[in-house]
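Engineer: Sharing a structure with you now.
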Amino acid sequence: MEIPTIDLSMENRTELSKQVVKACEEFGIFKVVNHNVSREVISRIEEEGTEFFAKSNSEKQQAKPFGYGCKNIGTNGDVGELEYLLFPTNPQFISESSKSISNHPNKFSGAINNYIKGAKGVACKILDLVVEGLGVQDKFALSKLIKDVESDSLLRINHYPPSMTTDSEMDPCATGNTNNTIGFGEHSDPQILTIMRFNDVAGLQATTHDGIWFTVPPDPHNFYVIVGDALQVFSNERFTSVRHRVLITDSLKARTSIMYFGAPSLNCLITPLPEMVKPPQNPSRYKPFTWEDYKKAMYSCRLGDSRLDPFKVH
Ligand code: GA4
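The numbers in the UniProt record's numbering rise by one with no breaks, and the one at position 121 of the sequence shown is 121.
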């Protein structure tokens, strides 16, 4: 099985939008190539991440109020074998928090802001193609939500330390020496769309609609796009958010991933786009709720919970 690849340089827009809708429908995860984000922008943020995670524990703890986390995911007891930085994408927050994260705050915030600009641009292009392919009248119905100055979009840099199975830990019955530690447990992303990039260390897996896990191959120069819960609602379930996880197998090298989570503002109403609802055959499958309502619900859940269930019309 092969994950679809979308070539953003394709000139035939109608065909391109069809391909994007098909990829969202059939997989909920796809690769984007010819995205126009320069290799330099990608390598600069990668370097900043490497520099930060190489710091001493006490130095990293100083960055804690600004988004540093180690092993704990969320607030309800989920854990993973990783360290991360997680912060809002507004430039003011980034420039303020850079001082506690880097010894060269301007260099750090410059690298982060340029990456966010690139990833946001890719997210907006994809959302405009989605809207076009779905036949929605308002051409910018979804991209305008993440372009909003109040958008609640996030950036996350994950660092999975190298892991090698020692001889004594090796299971003599195992067929290989893979230890399959859970790096980041199974979940879907709550936002509209995730733009993900990871280095050349494998580990990401996603499920098909039939619940079969497949591996997402590394491609450090390109992005993967992941359909989130909010897009599932906006499309009235024509798309479903994709469940994914990170399993760490033996690697001498750390796995790093960078995610831009495109989200609307807190007061945005999350409800199917008008064109996606045609009662009586296809009524709205969700009660309207705000992004703020959804955030509250998600922070009271565990990572792997089906968070949209309480908002469904039964
Ligand atoms: C999953 C996707 C993003 O990484 C994230 C995560 C968030 C967090 O780490 O704080 C959550 C998780 C994610 C969904 C359920 C809640 C919230 C941890 C958790 C247990 C930043 C996000 O937006 O939702």
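Glycine residues also receive a C-beta, built at the ideal position from the N, C-alpha and C atoms.
#1: Just checking R245 against ligand 1 - is the residue's beta carbon closer than 7 Å to any of the ligand's heavy atoms?
#2: Comparing alpha-carbon positions, which option in E237, L269 and V225 lies nearest H259?
#3: Using the Cα positions of G262 and S163, report the straight-line distance between them to the nearest angstrom.
#4: Between the region 140-154 and the region 262-279, do three or more beta carbon pairs fall short of 8 Å?
#5: Using DSSP bridges, identify the partner residues of H159.
#6: If we require 3 or more residues per run, which beta strand (DSSP E) segments fall completely within the region 34-98?
#7: Of all the options V79, S38, L266 and H314, which has the alpha carbon lying nearest to the alpha carbon of C114?
#8: Compute every distance between the C-beta of P190 and the non-hydrogen atoms of ligand 1, then say whether any falls below 7 Å.
#9: Using a threshold of 7 Å, is the CB atom of D293 nearer than that to any non-hydrogen atom of ligand 1?
#10: So, with DSSP's three-state summary, where would you put E26?
#11: Since A230 is in the beta strand (DSSP E), which residue starts that stretch and which ends it?
#12: Comparing C-alpha positions only, which one of L273, V33, A230 and I192 sits nearest to D309?
#13: Just to confirm the assignment, what range does the beta strand (DSSP E) spanning L247 have?
#14: Suppose you measure from the CA of N57 to the CA of P279; what does that come to, to the nearest Å?
#15: Report yes if the CB atom of F66 is closer than 8 Å to the CB atom of H159, and no otherwise.
#16: Considering only their Cβ atoms, is the gap separating S102 from R197 smaller than 8 Å?
#17: What does the alpha-carbon distance come out to for the pair G110 and W213?
#18: State buried or exposed for Q19, treating a residue as buried only when at least 16 other CB atoms are found within 10 Å of its CB.
#19: Assign E11 to one of three DSSP states: helix, strand, or coil.
#20: Can you have a look at D7 and say buried or exposed, based on whether 16 or more other CB atoms are within 10 angstroms of its CB?
#21: What is the residue span of the beta strand (DSSP E) that G185 lies within?
#22: Looking at C-alpha atoms only, which residue of C301, H244, G69 and A297 is the closest neighbour of residue 319?
#23: Check whether the Cβ of G28 sits closer than 7 Å to any heavy atom of ligand 1, and report yes or no.
#24: Check whether the Cβ atoms of Y286 and V313 lie closer than 8 Å to each other.
#25: Tell me the rounded alpha-carbon separation between R44 and I3.
#26: Quick one: grab the DSSP three-state call for A263.
Structural biologist: By the coordinates alone:
#1: Against the sequence shown, residue 245 aligns to sequence position 245. Checking every heavy atom of ligand 1 against the Cβ of R245, none is found closer than 7 Å.
#2: Mapped onto the sequence shown, residue 259 falls at position 259. According to the sequence as given, residue 259 is Met; it is not His. Closest by alpha carbon: V225.
#3: Taking the first residue of the sequence shown as 1, we reach residue 262 at position 262. Taking the first residue of the sequence shown as 1, we reach residue 163 at position 163. Straight-line Cα distance between these residues: approximately 31 Å.
#4: yes
#5: As a first step, residue 159 must be located in the sequence shown, where it is residue number 159. E83 and T256.
#6: 68-73 and 78-88
#7: Reading the sequence shown from its first residue, position 114 is the one you call residue 114. According to the sequence displayed, residue 114 carries Asn and not Cys. For N114, the nearest C-alpha among the options comes from S38.
#8: In the sequence shown, the residue the question calls residue 190 occupies position 190. Correct: P190 has its Cβ closer than 7 Å to ligand 1.
#9: On the sequence shown, position 293 is the one that residue 293 refers to. Flag unset: Cβ of D293 not near ligand 1.
#10: As a position in the sequence shown, residue 26 is number 26, starting the count at 1. If DSSP states are grouped into helix, strand and coil, E26 belongs with the helices.
#11: Numbered from 1 along the sequence shown, position 230 holds the residue referred to as residue 230. Taken as a continuous stretch (DSSP letters only), A230 belongs to no beta strand (DSSP E), being part of the alpha helix (DSSP H) at D229 to F234.
#12: Along the sequence shown, one-based indexing puts residue 309 at 309. Measuring from the Cα of D309, the nearest candidate turns out to be A230.
#13: By 1-based counting over the sequence shown, the position of residue 247 is 247. Taken as a continuous stretch (DSSP letters only), the beta strand (DSSP E) holding L247 covers H244 to I248.
#14: The sequence position of residue 57 within the sequence shown is 57, counting from 1. The sequence position of residue 279 within the sequence shown is 279, counting from 1. Those two C-alpha atoms are separated by around 56 Å.
#15: Taking the sequence shown and counting its residues from 1, one reaches residue 66 at position 66. Taking the sequence shown and counting its residues from 1, one reaches residue 159 at position 159. Going by C-beta atoms, F66 is not nearer than 8 Å to H159.
#16: The residue you call residue 197 lines up with position 197 of the sequence shown. The residue you call residue 102 lines up with position 102 of the sequence shown. Against a cut-off of 8 Å, the Cβ pair of S102 and R197 comes out as no contact.
#17: Residue mapping note: residue 110 aligns to position 110 of the sequence shown, counting from 1. Residue mapping note: residue 213 aligns to position 213 of the sequence shown, counting from 1. In a straight line, the C-alpha of G110 is about 37 Å away from that of W213.
#18: Position 19 of the sequence shown, counted from the first residue, corresponds to residue 19. The residue is buried, with at least 16 neighbouring Cβ atoms inside 10 Å.
#19: Here residue 11 refers to the residue found at position 11 of the sequence shown. Note: E11 maps to coil in three-state DSSP.
#20: Locating residue 7 in the sequence shown gives position 7, where the first residue counts as 1. Per the 10 Å Cβ criterion, exposed.
#21: Counting from 1 along the sequence shown, the entry for residue 185 is found at position 185. T181 to H187 is the extent of the beta strand (DSSP E) around G185.
#22: This structure cannot speak to residue 319, because the chain is shown only from 1 to 314.
#23: Here residue 28 refers to the residue found at position 28 when the sequence shown is read from its first residue. No - ligand 1 has no heavy atom lying nearer than 7 Å to the Cβ of G28.
#24: Residue numbering aside, residue 286 sits at position 286 when the sequence shown is read from its first letter. Residue numbering aside, residue 313 sits at position 313 when the sequence shown is read from its first letter. For Y286 and V313, yes; Cβs fall inside 8 Å.
#25: Your numbering for residue 44 matches position 44 in the sequence shown. Your numbering for residue 3 matches position 3 in the sequence shown. The straight-line gap from Cα to Cα measures roughly 27 Å.
#26: Taking the sequence shown and counting its residues from 1, the one referred to as residue 263 is at position 263. Coil, per DSSP.
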